[in-house]
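*Asks:* One structure, as structure tokens, below. Some questions next.
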Amino acid sequence: MVLRHCDWNEVEGSNLINPELLQQNANWYQKLLYQFAIKNFPSAAFPIFPISLFFILLLCTFVLNSTPAVAANVSDGILKQAATEMTVSLGNSANELKFEPNNLKFDSGKRYNLKLTNPSAQKHYFTAKDFADAIWTQKIEAGKVEVKGAIHEVELKPGAEAEWVFVPLKPGKYSLHCSIAGHTEAGMTGEIVISN
């Protein structure tokens with residue numbers, strides 16, 4: 009490679025500056041600056057990397073920040089749905105150990121209000137852990153108390169009532185039982201089906 013410096017006499021002696029000579033000198037200074045940058049600042053050798061990293065981080069920030077907004081829009085749509093009501097009795101006034109009805113069917117993505125009642129003289133549990141894991145619970149209301157979050161079983165004392173508002177998410181068949189000793193064995197069981 010031949011490096012040629014601009015000779016002031018050449019420039020001074022001409023009426024116009026020689027563009028070819030200026031270009032050669034500009035290229036020479038550009039190469040010199042690049043070599044200096046590589047020796048002293050190794051990351052400057054790959055100027056594309058910091059720029060692409062910046063855009064990747066920017067994209068990740070956009071995606072992560074928009075996810076709650078998208079989730080909020082989806083949940084807002086679900087919360088605006090009218091809840092389909094269904095009533096399940098845990099036992100009955102004759103003190104029979106059973107759920108009435110004992111086969112429950114729900115559609116995935118729809119909002120439900122499951123009214124649980126206990127007309128019997130003894131307490132009962134609505135226990136369906138796998139079902140509870142397959143739904144999103146909006147709330148459970150009992151008397152003047154509202155409970156939010158993951159629920160795996162509900163205890164109803166004699167004469168008690170509760171409302172469980174939820175949205176089924178995961179299709180499947182789930183078992184239901186009363187977890188009080190002897191109640192499951194006596195037939196207090198059921199099945200819950202979530203369809204697409």
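Convert by adding 8 to the 1-based position in the sequence shown; the result is the number in the working numbering.
Glycine residues also receive a C-beta, built at the ideal position from the N, C-alpha and C atoms.
Here the structure is a predicted model, which means the values were calculated and not measured.
(1) Take the Cβ of residue 162 as the centre, count every other Cβ of all protein chains shown within 10 Å, and call the residue buried at 16 or more, exposed below.
(2) Can you give me the start and stop residues for the alpha helix (DSSP H) that residue 123 sits inside?
(3) In the DSSP assignment, find the beta strand (DSSP E) that holds residue 137 and state where it starts and stops.
(4) Do residue 169 and residue 125 have their CB atoms nearer than 8 Å?
(5) Could you check what DSSP says for residue 113 in three-state terms: helix, strand or coil?
(6) Write down every uninterrupted run of the beta strand (DSSP E) in the segment 139 to 168 whose length is 3 residues or greater and which is fully enclosed by it, in chain order.
(7) For residue 132, collect the residues of the same chain with a Cβ closer than 6 Å to its Cβ; drop the 5 residues on either side in sequence, then sort them by chain order.
(8) How big is the Cα-Cα spacing for residue 138 and residue 180?
(9) Taking 7 Å as the limit between beta carbons, can you name the residues of its chain near residue 202, skipping five residues before and five after?
(10) Between residue 195 and residue 112, is the Cβ-Cβ spacing less than 8 Å?
(11) List the whole-angstrom C-beta distance separating residue 145 from residue 120, where the pair is believed to meet the contact cut-off of C-beta under 8 Å.
(12) What whole-angstrom Cβ distance do residue 192 and residue 110 have, given they're in contact under 8 Å?
(13) What's the C-alpha gap between residue 159 and residue 184?
(14) Looking at C-alpha atoms only, which residue of 101, 85, 172 is the closest neighbour of residue 130?
(15) Given residue 155, which residues of its chain have a CB within under 7 Å of its CB, disregarding the five upstream and five downstream residues?
(16) Kindly indicate which residue of 152, 172, 87, 47 has the alpha-carbon position closest to the one of residue 95.
(17) Taking 8 Å as the limit between beta carbons, can you name the residues of its chain near residue 140, skipping five residues before and five after?
(18) In angstroms with no decimal places, state the Cα-to-Cα distance between residue 174 and residue 89.
*Replies:* According to the data block:
(1) buried
(2) Note, residue 123: premise wrong, no alpha helix (DSSP H); beta strand (DSSP E) at 120 to 125.
(3) Premise fails: residue 137 lies in the alpha helix (DSSP H), 137 to 141, not in any beta strand (DSSP E).
(4) yes
(5) strand
(6) 143 to 150, 153 to 155, 161 to 164
(7) 98, 99, 126, 164, 186
(8) 10 Å
(9) 114, 116, 142, 176, 178, 179, 180
(10) no
(11) Residue 145 to residue 120, Cβ: 11 Å. No contact.
(12) Residue 192 to residue 110, Cβ: 12 Å. No contact.
(13) 14 Å
(14) 101
(15) 147, 148
(16) 172
(17) 158, 159, 160, 161
(18) 11 Å
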